[in-house]
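**Q** One structure coming up, written as C-alpha cells, with questions to follow.
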Ligand code: GAR
C-alpha cells in the first residue's frame, strides 16, 4: 500500500477524487495526510474521509525557506511514500524537494510545457489557443518543469471562460492523477 500525503491551497476537488478512488480496497494507495499553506476549505475533505490534516500558513513565516522547514517537519511525521501537490499554489522550497524528491508529483491545468505557472487556464485563453490540456508531472526545482508523467488534450470552445474551461479540465486532471498514483503504487511507474 502506497502512503500518500497531499498538499493543497484551495477547494481540493481533485484531492476529493483521489480520496474517493482510494476508498476502493483494490486501489493500491491511500491518503494518510492532507496539508495546506493556509486554512484551505479543502482540508474538510480529509476530515470527511478520516485522513489527518494540517495547515502550515505561509504568511506565518518570515521566508519561504522557514515555511519549507516547518512543512518538511509536518510531512516527515507521516513518512509518506509519495507527496501529491494538488492545487498547492506555491513553489516548494528547494529543501523540501531535496528531502522528498523524487517522490513528489504535481497536477497542472495545461498541456505542459505550455502555460506553466499559477494561471495555466487563464494564460491559455489569453494566448488564443484552440486547445490546452491537463498534465501530471514530477516536481523539480523549477516552475512546472519536471518530467511529464501523463497528459491529455482538452479543446477550448468558443465562448469559454476561465471557469468553464477549468471545469472541463479538472475531470481530466482527476483521471490522470488517479491513474498515475495507481501506476506508481503498482510499481509500473518508477520515479527516479
Ligand atoms: C487544479 O486545476 C490544479 O491543477 C491547479 O489548481 C486546481 C486545484 O483545484 N493547480 C495549479 O494551477 C498549480 N499551478 P482543486 O483545489 O479544486 O483540486
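In the working numbering, the protein residues as written are 3 to 194. Virtual Cβ for every residue (Gly too), placed ideally from N, Cα, C. Computed from a prediction, not measured in an experiment: that's the story for all the values here.
(1) Where does residue 146 land, buried or exposed, given buried means 16+ other C-beta within 10 angstroms?
(2) In angstroms, rounded to a whole number, what distance separates the CA positions of residue 177 and residue 63?
(3) Report whether the distance from the Cβ of residue 52 to the nearest heavy atom of ligand 1 is below 7 Å.
(4) For the alpha helix (DSSP H) holding residue 156, just list the boundary residues, first then last.
(5) Relative to the C-alpha of residue 173, which candidate in 11, 9 and 17 has its C-alpha closest?
(6) Answer yes or no: do residue 33 and residue 6 have a C-beta to C-beta separation smaller than 8 Å?
(7) Quick check on the burial criterion: 16 or more other C-beta atoms within 10 angstroms. Buried or exposed for residue 175?
(8) For the stretch 65 to 81 and the stretch 111 to 118, state whether three or more C-beta atom pairs, one from each stretch, are separated by less than 8 Å.
(9) So is residue 23 buried or exposed if we call it buried at 16+ other beta carbons inside 10 Å?
(10) In whole angstroms, what separates the C-alpha of residue 191 from that of residue 8?
(11) Which of helix, strand or coil does DSSP assign to residue 73?
(12) May I ask you to report which of helix, strand or coil DSSP gives residue 49?
(13) Residues in the same chain with beta-carbon distance under 7 Å from residue 98, minus the five sequence neighbours each way, listed in chain order, please.
(14) Where does residue 79 sit, in a helix, a strand or coil, going by DSSP?
(15) Relative to the C-alpha of residue 184, which candidate in 107, 131, 119 and 134 has its C-alpha closest?
(16) Start and end of the alpha helix (DSSP H) containing residue 102?
(17) If you draw a straight line from the C-alpha of residue 140 to the C-alpha of residue 102, how long is it?
(18) Can you list, in chain order, the residues of its chain with a C-beta nearer than 7 Å to that of residue 19? Leave out the 5 residues immediately preceding and following it.
(19) In terms of residue numbering, what span does the alpha helix (DSSP H) encompassing residue 110 cover?
(20) Return the CA-CA distance between residue 110 and residue 26, expressed in angstroms with no decimal places.
**A** Looking at the coordinates:
(1) The residue given as residue 146 occupies position 144 in the chain shown. Taking all protein chains in view, the Cβ of residue 146 is crowded by 16 or more other Cβ atoms within 10 Å, so the residue is classified as buried.
(2) Here residue 177 refers to the residue found at position 175 when the chain shown is read from its first residue. Here residue 63 refers to the residue found at position 61 when the chain shown is read from its first residue. Taking the straight line joining both Cα atoms gives about 35 Å.
(3) As a first step, residue 52 must be located in the chain shown, where it is residue number 50. Residue side-chain check: residue 52 keeps its Cβ at 7 Å or more from all non-hydrogen atoms of ligand 1.
(4) Reading the chain shown from its first residue, position 154 is the one you call residue 156. Segment 150 to 157 is the beta strand (DSSP E) holding residue 156; no alpha helix (DSSP H) there.
(5) What you label residue 173 is simply residue 171 of the chain shown in a count that begins at 1. The shortest Cα separation from residue 173 among 11, 9 and 17 belongs to 17.
(6) Mapped onto the chain shown, residue 33 falls at position 31. Mapped onto the chain shown, residue 6 falls at position 4. Yes, Cβ-Cβ distance for residue 33 and residue 6 is below 8 Å.
(7) As a working note, residue 175 is residue 173 in the chain shown. With 16 or more other Cβ atoms within 10 Å, it is buried.
(8) no
(9) Taking the first residue of the chain shown as position 1, residue 23 is located at position 21. Looking at its Cβ environment, which holds 16 or more other Cβ atoms inside 10 Å, residue 23 is buried.
(10) On the chain shown, position 189 is the one that residue 191 refers to. On the chain shown, position 6 is the one that residue 8 refers to. In a straight line, the C-alpha of residue 191 is about 19 Å away from that of residue 8.
(11) Sequence index remark: in the chain shown, residue 73 carries index 71 (1-based). Helix at residue 73.
(12) Taking the first residue of the chain shown as 1, we reach residue 49 at position 47. Three-state result, residue 49: helix.
(13) Position 96 of the chain shown, counting from 1, holds the residue named residue 98. Contacts found: 70, 73 and 74.
(14) Taking the first residue of the chain shown as position 1, residue 79 is located at position 77. Residue state, collapsed to three classes: coil.
(15) Sequence index remark: in the chain shown, residue 184 carries index 182 (1-based). When each option's Cα is compared against that of residue 184, the closest is 107.
(16) In the chain shown, residue 102 corresponds to position 100, counting from 1. Per DSSP, residue 102 belongs to the alpha helix (DSSP H) from 96 to 102.
(17) Against the chain shown, residue 140 aligns to sequence position 138. Against the chain shown, residue 102 aligns to sequence position 100. Computed Cα separation, rounded: 12 Å.
(18) In the chain shown, the residue the question calls residue 19 occupies position 17. Here the set comprises 176 and 180.
(19) One-based indexing of the chain shown puts residue 110 at position 108. Annotation for residue 110: no alpha helix (DSSP H) segment contains it, though the beta strand (DSSP E) segment containing it runs 106 to 110.
(20) Residue numbering aside, residue 110 sits at position 108 when the chain shown is read from its first letter. Residue numbering aside, residue 26 sits at position 24 when the chain shown is read from its first letter. About 25 Å.
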